[in-house]
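The working numbering numbers the first residue of the sequence shown as 275 and each following residue consecutively.
We treat Cβ as the ideally placed atom computed from N, Cα and C, and that holds for glycine.
Read through the structure below, which is laid out as structure tokens, and then see the notes.
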Amino acid sequence: MLEQIAGGLALGGVYALIALGYTMVYGIIELINFAHGEIMMLGAFYVLAFSVSMSPDISNAFAIYTSIAFYFAVDSHLNKRFGLYGIAFAVILAFFFWFSSRKLFIAEITPLIAIPLAVIATAISGMALERIAYKPLRNSPRLAPLISAIGASLFYQNLAQIIFGTHRYSLPMAVKISNAKILGSNFALAPVLIILSAVVIMIALHLFIAKTRIGTAMRATAQDKYAASLMGINVNAVIAMTFAIGSALAAVGGLLFTIHQKTLWPYMGFMAGIKAFTAAVLGGIGSIPGAMLGGFILGIVESLGAGLFGEAGYKDAIAFVILIGVLLFKPTGILGKRSVIKV
275 MLEQIAGGLA
285 LGGVYALIAL
295 GYTMVYGIIE
305 LINFAHGEIM
315 MLGAFYVLAF
325 SVSMSPDISN
335 AFAIYTSIAF
345 YFAVDSHLNK
355 RFGLYGIAFA
365 VILAFFFWFS
375 SRKLFIAEIT
385 PLIAIPLAVI
395 ATAISGMALE
405 RIAYKPLRNS
415 PRLAPLISAI
425 GASLFYQNLA
435 QIIFGTHRYS
445 LPMAVKISNA
455 KILGSNFALA
465 PVLIILSAVV
475 IMIALHLFIA
485 KTRIGTAMRA
495 TAQDKYAASL
505 MGINVNAVIA
515 MTFAIGSALA
525 AVGGLLFTIH
535 QKTLWPYMGF
545 MAGIKAFTAA
555 VLGGIGSIPG
565 AMLGGFILGI
575 VESLGAGLFG
585 EAGYKDAIAF
595 VILIGVLLFK
605 PTGILGKRSV
615 IKV
């Protein structure tokens with residue numbers, strides 16, 4: 275029983291980290307980013323690519339994607355500030371990113387450096403996703419960006435399959451952590467590490483949003499984008515930063531998910547993303563504390579449910595039953611607030 279609760283808390287911490295990306299984006303632009311699970315998967319593959327020596331073909335293909343993502347992440351900002359010179363500078367920087375990332379993917383880097391590099395690369399991918407898939411549709415009907423999100427999800431799944439193939443990979447650092455014990459006892463280190471990492475990151479994010487100028491700009495943009503722009507806040511930059519932070523959290527979530535599952539594969543983000551979305555809805559979409567609470571509740575219920583029914587496959591069904599129940603009986607979630615539209 276205690277072991278199941280510990281495993282549920284660890285899995286819930288992963289769901290909570292991924293759910294934070296959903297809830298941050300929804301809080302700013304009221305968009306459900308269904309490609310967020312694939313961003314998590316991409317972050318896990320970045321950790322793999324930086325920490326393990328990849329083949330030249332895989333390194334070159336992944337480096338090409340990284341350079342293209344970097345270009346789209348910065349081109350509009352540089353173009354707005356420097357015009358054609360900014361675009362030329364973005365092209366030069368993208369070429370540098372291709373060259374340097376290709377070398378880094380072939381090399382084998384220590385995890386202390388590989389993980390921050392993977393987080394940065396995933397944040398850039400999140401900014402590129404917002405720039406390509408969502409920004410042009412910002413004033414479109416709500417169905418348009420939703421369809422775009424589903425298309426982006428399928429794109430990333432197939433991109434990962436093209437670059438890395440369909441087989442599963444093991445991350446050496448994840449295997450070592452998964453097999454480690456606490457001070458020689460029978461209690462595994464991985465759940466404790468995952469739970470502590472998730473809690474620390476969530477507290478840091480809460481303080482960042484509550485205490486920093488960027489966090490204040492995010493809260494102002496979430497309340498009223500038009501009023502925030504009148505007050506001198508660069509709304510486009512705030513939205514891009516929100517996607518970057520959410521994607522960085524997803525990268526950490528991808529690493530922790532890999533530690534929990536002991537393997538990673540191109541389609542790992544789909545079900546994990548749906549469950550993280552369930553956690554966000556359960557806690558209250560748009561509420562950061564709600565995403566944390568929903569993630570831990572879902573993880574514990576999944577773990578206990580799998581133990582009760584004796585079949586691990588029931589875990590997915592439990593998540594969907596919770597999602598349907600919340601949408602039917604309390605659509606705002608546990609900590610969500612009912613929105614009032616004034617006319």
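**Message:** Going by DSSP in three states, L609 sits in which element: helix, strand or coil?
**Reply:** If DSSP states are grouped into helix, strand and coil, L609 belongs with coil.
**Request:** Output the boundary residues of the alpha helix (DSSP H) element that contains Y296.
**Result:** In this chain, the alpha helix (DSSP H) harbouring Y296 covers L276 to I303.
**Message:** Determine whether the beta carbon atoms of L391 and I383 lie at a separation below 9 Å.
**Reply:** Going by C-beta atoms, L391 is nearer than 9 Å to I383.
**Asked** Can you tell which of I559, I571 and S577 has its C-alpha closest to the C-alpha of E304?
**Response** The residue with the shortest Cα to Cα distance from E304 is I559.
**Prompt:** Would you call the segment 282-300 and the segment 543-550 in contact, with 3 or more CB pairs under 8 Å?
**Reply:** Flag = yes, the segment 282-300 and the segment 543-550 touch.
**Asked** Alpha carbon to alpha carbon, what distance is there between T532 and S329?
**Response** Answer to the nearest angstrom: the Cα atoms are 21 Å apart.
**The alpha helix (DSSP H) enclosing I513, as first and last residue numbers** = Residues V509 to Q535.
**Item:** Burial state of I421, where buried means 16 or more other Cβ atoms lie within 10 Å
**Value:** When all chains shown are included, I421 counts as exposed.
**Prompt:** The alpha helix (DSSP H) with K485 in it runs from where to where?
**Reply:** Per DSSP, K485 belongs to the alpha helix (DSSP H) from L463 to K485.
**Asked** Going by DSSP, what residues sit across from A538 in a beta bridge?
**Response** First, the residue type needs correcting, since residue 538 is Leu and not Ala in the sequence shown. The partner list for L538 (beta bridge, DSSP) reads Y443.
**Asked** In the structure shown, what three-state DSSP assignment does R405 receive?
**Response** Helix, per DSSP.
**Collapsed DSSP secondary structure at I383 in the structure displayed** = In the structure shown, the three-state DSSP call for I383 is coil.
**Request:** Can you have a look at Q431 and say buried or exposed, based on whether 16 or more other CB atoms are within 10 angstroms of its CB?
**Result:** Buried, because 16 or more other Cβ atoms sit within 10 Å of the Cβ of Q431.
**Item:** Status (buried if at least 16 other CB within 10 Å, exposed otherwise) for R442
**Value:** Exposed: under 16 other Cβ atoms inside 10 Å.
**Request:** Compute the distance between the beta-carbons of A280 and I469, then report whether it is under 9 Å.
**Result:** Less than 9 Å separates the beta-carbon of A280 from that of I469.
**Request:** Taking I338 as the reference, give the member of L567, G400 and W372 with the closest Cα.
**Result:** When each option's Cα is compared against that of I338, the closest is W372.
**Message:** Could you compute how far the alpha carbon of S399 sits from the alpha carbon of A591?
**Reply:** The straight-line gap from Cα to Cα measures roughly 31 Å.
**As assigned by DSSP and simplified to three states, the class of D498** = Here D498 sits in coil by DSSP.
**Cβ contact (3+ pairs, closer than 8 Å) linking the segment 351-361 and the segment 406-426** = No: fewer than three Cβ pairs fall under 8 Å.
**Request:** Rounded to whole angstroms, what's the CA-CA distance from P605 to I366? Just pull it up for me.
**Result:** When rounded, the distance between both Cα atoms is 48 Å.
**Message:** Please state the DSSP three-state secondary structure of K377.
**Reply:** K377: helix per DSSP, three-state reduction.
**Item:** Reference W539, options L285, A343, A284 and Y320, closest by Cα
**Value:** W539 has its Cα closest to that of Y320, out of L285, A343, A284 and Y320.
**Prompt:** Measuring CA to CA, which of A511, S327, I507 and S503 is closest to S350?
**Reply:** Put simply, of A511, S327, I507 and S503 the residue whose alpha carbon is nearest the alpha carbon of S350 is A511.
**Message:** Once the 5 residues before and after D331 are set aside, which same chain residues still bring their CB inside 7 Å of it?
**Reply:** No residues qualify anywhere along the chain.
**Request:** Taking all protein chains shown into account, decide if V617 is buried (16 or more other Cβ within 10 angstroms of its Cβ) or exposed.
**Result:** In this prediction, V617 scores a pLDDT of 43, lower than 50, which makes its location untrustworthy; no coordinate-derived value is stated.
**Message:** Helix, strand or coil, according to DSSP, for N413 in the structure here?
**Reply:** N413: coil per DSSP, three-state reduction.
**Message:** Out of M515, S414 and Y300, which one is the CA nearest neighbour of Q497?
**Reply:** It is Y300.
**Beta-carbon gap between P446 and V326 smaller than 9 Å** = In this structure, V326 lies closer than 9 Å to P446 by Cβ.
**Request:** Using the Cα positions of N508 and A478, report the straight-line distance between them to the nearest angstrom.
**Result:** N508 and A478 have their C-alpha atoms some 24 Å from each other.
**Asked** For M401, which residues from the same chain have a beta carbon less than 6 Å from its beta carbon, with the 5 sequence-adjacent residues on both sides left out?
**Response** For M401, where only same-chain residues beyond five positions count, the Cβ hits under 6 Å are A347, A514, F517 and A518.
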